[in-house]
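Under UniProt numbering, think of the first position of the sequence shown as 1, with each following residue one higher. Backbone N, C-alpha and C define an ideal beta-carbon position, used for all residues, glycine too. What follows is one structure encoded as structure tokens, with my remarks underneath.
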Amino acid sequence: LEKVTTDHIFSTKIEDFKRFKFFLRENDILKGRKTLRRADLEKADRLDTVDLMVQTYKRDEALEMTKDILRRINRNDLVEICSSAAEGQSQEAKY
């Protein structure tokens with residue numbers, strides 16, 4: 001899961017990544033989930049951000065949040081790829 005999330009956050013442009021981190025601090029966007037602290041996100045690069053998300057939320061929740069935020073920043077292309085990759089990992093785990 002971390003690989004799926006990391007791969008797709010790495011695919012974002014710098015401005016998209018800034019917006020992605022902004023949404024991780026917005027309570028109304030996160031639908032009642034715990035927000036990440038601004039101080040933790042300010043200097044966080046993409047790997048640090050994924051690490052913070054996985055530490056703060058359950059794995060599946062972090063993936064769903066990633067997809068929700070990617071939709072909000074109009075990166076539906078990454079949502080599709082992310083969904084497919086996560087489904088592939090889920091299938092591999094069964095075998």
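Cβ separation of residue i and residue j, assumed to be a contact under 8 Å, to the nearest whole Å
i: residue 41; j: residue 24; result: 6 Å
i: residue 16; j: residue 75; result: 6 Å
Residue environment, residue i, which counts as buried when at least 16 other CB atoms sit within 10 Å
i: residue 67; result: buried
i: residue 62; result: buried
Candidates the options, of which the one nearest residue i by Cα
i: residue 32; options: 57, 21 and 79; result: 57
i: residue 34; options: 81, 17, 15 and 65; result: 65
i: residue 60; options: 43, 78, 26 and 86; result: 86
i: residue 13; options: 84, 78 and 83; result: 78
Simplified DSSP assignment, three categories, for residue i
i: residue 67; result: helix
i: residue 83; result: helix
| Pairing CB atoms from the region 70-83 with CB atoms from the region 44-54, are three or more of them under 8 Å? | no
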